[in-house]
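Trainee: Below you will find the structure I want to go over with you.
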Amino acid sequence: MKLHLDKSDQYNTIARYDARHVMVGNSRHESSVIVMPQRIESDWLQGGFDALDAAAFEHLAGLGAEILILGTGMKQRFPHPSLMKSLMAARIGLEVMDLGSACRTYNILVAEHRNVAVALLFDPA
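As structure tokens, then:
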């Protein structure tokens, strides 16, 4: 699906996504990626949803975002609540969504100048 958003080029927004990749501006990402308005972290988690562990959530808690969106591939899957302790301790809001919903929601929050990060996972090939 192709997205259109009236935006400034000063922020990272998601221009396109499908089951295998996202386009952040002109940059294509085909593996797990964290997108924030001012930076991108490629390949942040190897192994997809099943590789989520406490260390992955500690990394996400250290990003400095107030809102974290977790895109879990083409279907919405919820991580075990015990994994989210570091987010709760840092008072970071977590929303878990499928990939498309995560991309669209992230773009809306960036347009509202919110302190948001989206962590996107792709389904295994």
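Residue numbers (the working numbering): 1 to 125.
Every residue gets a Cβ at the ideal spot worked out from N, C-alpha and C, and that includes glycine.
1) Alpha carbon to alpha carbon, how far is residue 116 from residue 106?
2) Which of the three DSSP states, helix, strand or coil, is assigned to residue 102?
3) Could you tell me the distance, in whole angstroms, from the CA atom of residue 21 to the CA atom of residue 118?
4) Out of 63, 38, 36, 110, which has the shortest C-alpha to C-alpha gap to residue 91?
5) Expressed to the nearest angstrom, what Euclidean distance is found between the alpha-carbon atoms of residue 38 and residue 24?
6) How about residue 52 and residue 32: are their beta carbons less than 7 Å apart?
7) How far does the alpha helix (DSSP H) with residue 55 in it extend, from its first residue to its last?
8) Look up residue 7 in the DSSP assignment and say whether it is helix, strand or coil.
9) Give the range of the alpha helix (DSSP H) segment to which residue 27 is assigned.
10) Thinking C-beta only, is residue 87 closer than 7 Å to residue 111?
11) Under the rule that 16 or more other beta-carbon atoms within 10 Å means buried, what is residue 71, buried or exposed?
Mentor: According to the data block:
1) Residue mapping note: residue 116 aligns to position 116 of the sequence shown, counting from 1. Residue mapping note: residue 106 aligns to position 106 of the sequence shown, counting from 1. Approximately 7 Å, taken between the alpha carbons.
2) Taking the first residue of the sequence shown as 1, we reach residue 102 at position 102. Helix, per DSSP.
3) The count along the sequence shown starts at 1 and reaches residue 21 at position 21. The count along the sequence shown starts at 1 and reaches residue 118 at position 118. Each residue's alpha carbon lies about 14 Å from the other.
4) Position 91 of the sequence shown, counted from the first residue, corresponds to residue 91. Of the listed residues, the one whose Cα sits closest to residue 91 is 63.
5) Within the sequence shown, the letter at position 38 stands for residue 38. Within the sequence shown, the letter at position 24 stands for residue 24. Answer to the nearest angstrom: the Cα atoms are 12 Å apart.
6) Numbered from 1 along the sequence shown, position 52 holds the residue referred to as residue 52. Numbered from 1 along the sequence shown, position 32 holds the residue referred to as residue 32. No, the pair does not count as a contact, with Cβ atoms beyond the cut-off.
7) For this step, residue 55 is matched to residue 55 along the sequence shown. Segment 54-61, the alpha helix (DSSP H) holding residue 55.
8) The residue labelled residue 7 in the question sits at position 7 within the sequence shown. No answer about residue 7 holds up, because its pLDDT of 49 lies below 50 and its placement is not dependable.
9) By 1-based counting over the sequence shown, the position of residue 27 is 27. Looking at the DSSP string, residue 27 is not in any alpha helix (DSSP H); the run it does join, the beta strand (DSSP E), is 27-29.
10) For the purposes of this step, residue 111 is taken as residue 111 along the sequence shown, with counting starting at 1. For the purposes of this step, residue 87 is taken as residue 87 along the sequence shown, with counting starting at 1. No, they are not a contact pair.
11) On the sequence shown, position 71 is the one that residue 71 refers to. Flag for residue 71 reads buried.
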